[in-house]
Structure formats: structure tokens, C-alpha cells
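Worksheet: one structure, shown below.
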Ligand SMILES: Cc1cc2nc3c(=O)[nH]c(=O)nc-3n(C[C@H](O)[C@H](O)[C@H](O)COP(=O)(O)O)c2cc1C
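Residue numbers (this note's numbering): 18 to 210.
Okay, here's the thing in C-alpha cells:
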């Protein structure tokens with residue numbers, strides 16, 4: 018039986034080789050309390066058999082939606098490879114230790130930016146943001162930037178992963194792996210294109 022994580026890993030490495038910038042970019046879709054979906058691009062920051070990781074400001078729209086409605090969908094489109102991967106499942110917050118470890122690898126500018134930005138809140142002017150950035154730079158001058166308590170990530174544990182590969186005459190290949198829960202075994206089926 019094929020393992021979808023192994024399959025994802027193969028496609029991911031091929032995407033990294035074929036796409037010079039942001040091959041880890043994916044569309045993250047969430048659902049609001051009122052049932053309204055919303056999508057935005059985020060970067061995949063790790064994956065293994067436990068799931069797919071992404072990070073940002075916990076006060077942002079996406080993470081507020083995940084806090085109240087903890088399911089999400091991810092979509093990768095690797096145009097040069099004519100491939101798409103669709104992933105769905107429940108999400109859980111990463112641990113503080115995981116978030117600290119990842120935050121520590123970020124460039125200093127991005128670390129400071131995380132403190133300066135109230136992601137998804139209304140901003141009065143660009144000058145206001147720049148002023149907040151200057152204040153944060155001054156505050157942390159000459160020392161390490163700690164992870165803001167409002168900045169962390171989520172792990173999506175998939176229960177559905179579809180691998181889509183373009184075919185001639187729109188007769189694409191679609192292979193979908195499904196399982197009832199993250200502990201259950203996978204079943205695999207083909208879908209009409
Ligand atoms: C290539 C690319 C990568 C991005 N990566 C992230 C990311 O990893 N985390 C993040 O919070 N926002 C990222 N963004 C910004 C998001 O698309 C989005 O603007 C932001 O998360 C706010 O969305 P929200 O208001 O729905 O929460 C990225 C945008 C682009 C175009």
C-alpha cells in the first residue's frame with residue numbers, strides 16, 4: 018500500500034528542484050463561525066507523518082477561524098510540474114517549544130516584524146506600521162528577539178490527500194487517499210478528472 022506522506026515528499030522535493038522561489042507556498046482555506054470560507058497563501062514550514070505545519074499571528078483572521086472551527090484545507094499548485102495537491106483535515110496548535118524552535122530560525126527582520134504587526138487588524142496608515150517597527154527595533158537592539166506570545170503555528174493532520182497530475186485532453190490523473198481519522202488506515206481510490 019502506498020503511503021501518501023511518502024508520495025507528498027517525492028512531489029515536494031521535485032517541486033523544490035523545479036521552482037526556485039516559494040515552492041512551499043500553499044493556499045490555506047479556513048471557515049468562519051458563520052460558515053463563510055476564506056483563503057490566503059501561507060508557507061509550509063514542515064511536514065511529517067503527524068501533519069503539515071504553518072505559522073503566523075494567532076490574532077489573524079485565519080488563526081481566529083481555526084480556533085473556533087478547527088478544520089482546514091491546503092492546496093499546492095506546482096505549475097511547472099502540472100501538479101496539484103489538495104489536503105484536508107483537523108488542525109491543532111503546535112507546542113510552544115515547536116514554535117520557539119521555528120521562530121528562532123527566522124531572519125531577524127521577520128522576527129521584529131512579527132512583533133510590529135497586528136496581523137489582520139485595521140491599520141490607520143503605513144507610517145503607523147513603520148513607527149511600530151522602529152519602536153520594536155529599538156526595544157530589541159543588541160539582543161535576541163523572543164517569539165511573541167501571539168505568534169505561533171498550527172499542524173493539520175490530514176484525513177484526505179489528493180494528488181492531481183495533468184493529463185492529455187483534460188484526462189487528468191486524480192488519486193485520493195482517505196481515512197476516517199488520523200489513526201485509521203488509508204484507503205486509496207482514483208477519481209474521474
Ligand atoms: C508567498 C506568500 C507567503 C506567505 N506566507 C505567510 C505565512 O507563512 N504566514 C502568514 O501568516 N502569512 C503569510 N502570507 C500572507 C498571507 O497570505 C495573508 O495575507 C496573511 O496571513 C493574513 O491573512 P488573514 O487575514 O486571512 O489571516 C504569505 C503571502 C504570500 C503571498
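Ideal Cβ positions, reconstructed from N, Cα and C, are used throughout, including at glycine.
Would residue i be called buried (16 or more neighbouring beta carbons within 10 Å of its own) or exposed?
i	result
residue 85	exposed
residue 97	exposed
residue 239	Look at the range of the chain in this structure, 18 to 210, and you will see that residue 239 is not part of it.
residue 127	exposed
residue 198	exposed
residue 170	buried
residue 32	buried
residue 202	exposed
residue 10	A query on residue 10 cannot be resolved here, the shown segment of the chain reaching from 18 to 210 and no further.
residue 116	buried
Look at the alpha carbon of residue i and the alpha carbon of residue j, and state the distance between them as a whole number of angstroms.
i	j	result
residue 163	residue 173	25 Å
residue 100	residue 204	21 Å
residue 78	residue 208	33 Å
residue 91	residue 119	20 Å
residue 93	residue 50	25 Å
residue 167	residue 70	17 Å
residue 144	residue 159	24 Å
residue 133	residue 103	33 Å
residue 28	residue 73	25 Å
residue 124	residue 62	14 Å
residue 206	residue 200	19 Å
residue 83	residue 46	10 Å
residue 23	residue 194	12 Å
residue 131	residue 121	12 Å
residue 36	residue 107	29 Å
residue 89	residue 48	7 Å
Is residue i close to ligand 1? I mean its beta-carbon at under 7 Å from any heavy atom of the ligand.
i	result
residue 74	yes
residue 71	yes
residue 77	yes
residue 46	no
residue 58	yes
residue 39	yes
residue 101	no
residue 136	yes
residue 55	yes
residue 185	no
residue 50	no
residue 42	yes
Could you please give me the residues that DSSP links to residue i through a beta bridge?
i	result
residue 182	100, 190
residue 77	The partner list for residue 77 (beta bridge, DSSP) is empty, contrary to what the question assumes.
residue 132	None, per the DSSP bridge assignment.
residue 65	68
**OP:** Check whether the stretch 56-67 touches the stretch 129-149, taking contact to mean three or more Cβ pairs, one atom from each stretch, closer than 8 Å.
**Re:** no
Original post:
Do the stretch 179-187 and the stretch 133-143 meet, that is, are 3 or more Cβ pairs less than 8 Å apart?
Top reply: no
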